[in-house]
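> End of the sequence shown sits at 441 in our numbering; the numbers just go up one at a time, nothing left out. Ideal placement from N, C-alpha and C gives every residue a C-beta, glycine not left out. The structure's right below; bear with me while I get my questions together.
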Amino acid sequence: MALNCGIVGLPNVGKSTIFSAVTSAPAEAANYPFCTIDPNIGIVSVPDKRLDEISRLIPSKKVTPATVEFVDIAGLVKGASQGEGLGNRFLASIREVGVIAHVVRCFENPDIIHVSNKIDPKSDIETINIELSLADLETVEKRYEKMTKMSRVSKEQQKENEKVLPVMEKIKACLSEGIPARTLNLDEDELALVYDLHLMTLKPIIYVCNVDEDGISEDNEYVKEVREIAKGENAPVVVICGKIESEIAALDSEEDRKEFLEAAGLSESGLNPLIRAAYSSLGLRTFFTAGPDEDRAWTFRAGSKAPQCAGVIHSDFEKGFIKAEVYSVDDLIEYGSEVHVREAGKLRLEGKEYVVQDGDIVFFRFNV
C-alpha cells in the first residue's frame, strides 16, 4: 500500500484550502470547478505530544518528527468514471494513494458555488462512492473475464480461479450497486487475493467535514449525516473549518498560532486529528530514538519486528542486528529520566522476534 493520503471530494468543497493549511504549501484554490488539475503533493510533520515530552526530558540538539505525505487531488464529478470532468486523470491519482481523505462540504455560503447548487452531504458522498465503485467495477470485470478465459487452457489457472473468482463475484455484486467494496469487510486472505487490482473502494477512508466558524464547536445537521454514513463503514470522521485553518496557517509564528487557537476556544488545530488519522489509517506507527544529538520519531508498519525497524534507520542496523534496548514513552514520563527507568527495571533487552510497539523508545545494538 502506498504511504500517502489523497484528499478527494466534489469541486468547491474546500480540498485545496485544507491541503494548503495542512502542508502550509500554497495550492491553487478558487471559486470554480476543476481549479486543481495536476495533484499537489506535500510532506507533513505528524503532531505527536510524546515527542515533545521526550525532548523535554532528554534534551537534544535536534528534534525530528515523523512525516506523512498528502496529495491534493482535483474534484470529481458525476460521470467521472466515464471520463467526465477529466475524470480519468483524477481516478488515476486516487489509485496511487494509500488512504482517502474525503472532504465533504458541511456549511452554507451562497458566495461559494456548489457543483450541485445545494448542500447535501449524503448526496455528495454517494456521488463520489458511485463513481469510484463504477471505475472499480470496470477493473474487476476485465480481470474476471480474462481469468475465466485463461482457465479454459490452464489447469493452474483453474485452481487459482477457485479461490479468487468467488471473492471477485462478491465484490462485483457490491460495486454494481454503487457501494464501496470496503463495506464488505473482507478478511486478510480475501484482500490478499485481490490486492493486485488496487481497487479504490477498498482503500481506508477518512471523512473530513468542512464546516464554517459556527460549526466548529458542535456538530451541525450536515456533520451528523456524515457521522451516520461513516459509522456504517467504520470510518473515522474529522471536523475542520477550512477558513479558520487557512488563517492559522498564514500566521508567522507558533506563538501567534497558539494565541489564535486560544481566542477561538480551540485546544489544537483541527488539522492535527486529520494528520494523525491519516498516519494511523495507513497502518503506520512510531518508535523513537533519543539522545543528546537528536530526539527522533521513526515511522514503521504496524507488526514489524525489531530488525525491520532497525533497518528503517539504516540497512546496516538490520543486517547486523544483535539486540534492542527498549522502554516506553509512558515509562519515561512516569520516571522522569532514562536513568530512573533503568533503576525501575523497565528497560529491557529484546531479540529478533520482538514486535516493536507504538511508543517504544529504542536503542539498537548491531555489528557489521
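For S206, I'd like the list of residues in its chain whose CB is within less than 7 Å of its CB, leaving aside the five on either flank, ordered along the chain.
As a first step, residue 206 must be located in the sequence shown, where it is residue number 133. So the list reads L248, G251, I252, P253 and T274, once near-sequence residues are dropped.
> Where do the N-terminal and C-terminal ends of the alpha helix (DSSP H) with D404 fall, by residue?
In the sequence shown, residue 404 corresponds to position 331, counting from 1. Its alpha helix (DSSP H) spans residues V402 to Y408.
> For a test of the three-state rule: what should DSSP assign to S89, helix, strand or coil?
Counting from one through the sequence shown, the residue named residue 89 turns up at place 16. The answer is helix: DSSP assigns S89 an H, G or I state.
> Apart from the five residues just before and just after L324, which ones in its own chain have a Cβ nearer than 8 Å to its Cβ?
Within the sequence shown, residue 324 is the residue found at index 251, counting from 1. Around L324: R330 and F333.
> Return the residue from the list F180, K297, K243 and E318 that minimises the CA-CA distance to E214.
In the sequence shown, counting from the first residue as 1, residue 214 sits at position 141. Per the C-alpha coordinates, the member of F180, K297, K243 and E318 positioned closest to E214 is K243.
> Nearest to N307 by CA position, among S377, Y427 and L257, is which residue?
Here residue 307 refers to the residue found at position 234 of the sequence shown. Residue L257 is the option with its Cα nearest to N307.
> As a quick exercise: from S342, V412 and A336, pick the residue whose alpha carbon is nearest that of G364.
The sequence position of residue 364 within the sequence shown is 291, counting from 1. Taking only the C-alpha atoms, the option nearest G364 is V412.
> Of all the options V284, V119, K122 and F373, which has the alpha carbon lying nearest to the alpha carbon of R178?
One-based indexing of the sequence shown puts residue 178 at position 105. Ranking V284, V119, K122 and F373 by Cα distance to R178 puts V284 first.
> Considering only the beta carbon of each residue, do S133 and D366 sit closer than 8 Å?
As a position in the sequence shown, residue 133 is number 60, starting the count at 1. As a position in the sequence shown, residue 366 is number 293, starting the count at 1. It is a contact, given that the beta carbons lie within the stated cut-off.
> How is the alpha helix (DSSP H) around I192 delimited, first residue to last?
Start at 1 with the first residue of the sequence shown, and residue 192 comes out as number 119. Where I192 is concerned, there is no enclosing alpha helix (DSSP H), given that its DSSP letter is neither H nor E.
> Rounded to the nearest angstrom, how far is the Cβ of T212 from that of L164, given a contact under 8 Å?
Translated into the one-based positions of the sequence shown, residue 212 becomes position 139. Translated into the one-based positions of the sequence shown, residue 164 becomes position 91. Not confirmed; about 10 Å, so no contact.
> Please return the same chain residues whose Cβ sits closer than 8 Å to the Cβ of P99, not counting the five positions on each side in sequence.
Here residue 99 refers to the residue found at position 26 when the sequence shown is read from its first residue. Reliability fails at P99, whose pLDDT of 44 lies under 50, so the model's placement of it is uncertain and the value that follows must be treated cautiously. Excluding residues within five positions, the ones whose Cβ falls inside 8 Å are S93.
> Could you tell me which of S401, S410, K425 and D404 sits nearest to K392, measuring between CA atoms?
By 1-based counting over the sequence shown, the position of residue 392 is 319. Per the Cα distances, K425.
> Give every residue of the same chain whose Cβ lies closer than 6 Å to the Cβ of G156, excluding the five residues on either side of it in the sequence, and list them in chain order.
For this step, residue 156 is matched to residue 83 along the sequence shown. Per-residue confidence for G156 stands at a pLDDT of 49, beneath the threshold of 50, marking its modelled position as unreliable; the derived number appears in the next sentence. So no residue of the chain qualifies.
> Should the stretch 304-321 be called in touch with the stretch 346-355, which here means at least 3 C-beta pairs below 8 Å?
By the Cβ test, the stretch 304-321 is in contact with the stretch 346-355, since at least three Cβ pairs between them sit closer than 8 Å.
> Which whole-angstrom value describes the C-beta separation of Y408 and A397, a residue pair presumed to lie in contact below a C-beta threshold of 8 Å?
In the sequence shown, counting from the first residue as 1, residue 408 sits at position 335. In the sequence shown, counting from the first residue as 1, residue 397 sits at position 324. That pair is no contact at about 19 Å.
> When DSSP labels each residue in this structure, what does G315 get in the three-state scheme?
Position 242 of the sequence shown, counted from the start, is the residue given in the question as residue 315. In this structure, G315 counts as helix in the three-state DSSP scheme.
> Could you say if the stretch 337-349 and the stretch 316-323 meet the contact criterion of at least three C-beta pairs nearer than 8 Å?
yes
> In the DSSP assignment, what are the bridge partners of D145?
Here the question's residue 145 lines up with position 72 in the sequence shown. In DSSP, D145 forms a bridge with I80 and N113.
> Short check: CB of V429 to CB of V435, under 8 Å?
Sequence index remark: in the sequence shown, residue 429 carries index 356 (1-based). Sequence index remark: in the sequence shown, residue 435 carries index 362 (1-based). Yes.
> So, is Y280 buried or exposed, given that buried needs 16 or more other C-beta atoms within 10 angstroms?
By 1-based counting over the sequence shown, the position of residue 280 is 207. Y280 comes out buried.
> Between N182 and K191, what straight-line distance do the alpha-carbon atoms span, to the nearest angstrom?
By one-based count along the sequence shown, residue 182 stands at place 109. By one-based count along the sequence shown, residue 191 stands at place 118. One C-alpha to the other measures close to 10 Å.
> Reducing DSSP to helix, strand and coil, say where A103 ends up.
Taking the sequence shown and counting its residues from 1, the one referred to as residue 103 is at position 30. In this prediction, A103 scores a pLDDT of 37, lower than 50, which makes its location untrustworthy; the coordinate-derived value is nonetheless stated afterwards. In the structure shown, A103 sits in coil (DSSP, three-state: anything other than H, G, I, E or B).
> How many angstroms separate the CA atom of F360 from the CA atom of V399?
For the purposes of this step, residue 360 is taken as the residue at position 287 of the sequence shown. For the purposes of this step, residue 399 is taken as the residue at position 326 of the sequence shown. Cα to Cα, the separation comes out at about 10 Å.
> Please state whether DSSP places K134 in a helix, a strand or coil.
The residue labelled residue 134 in the question sits at position 61 within the sequence shown. Here K134 sits in coil by DSSP.
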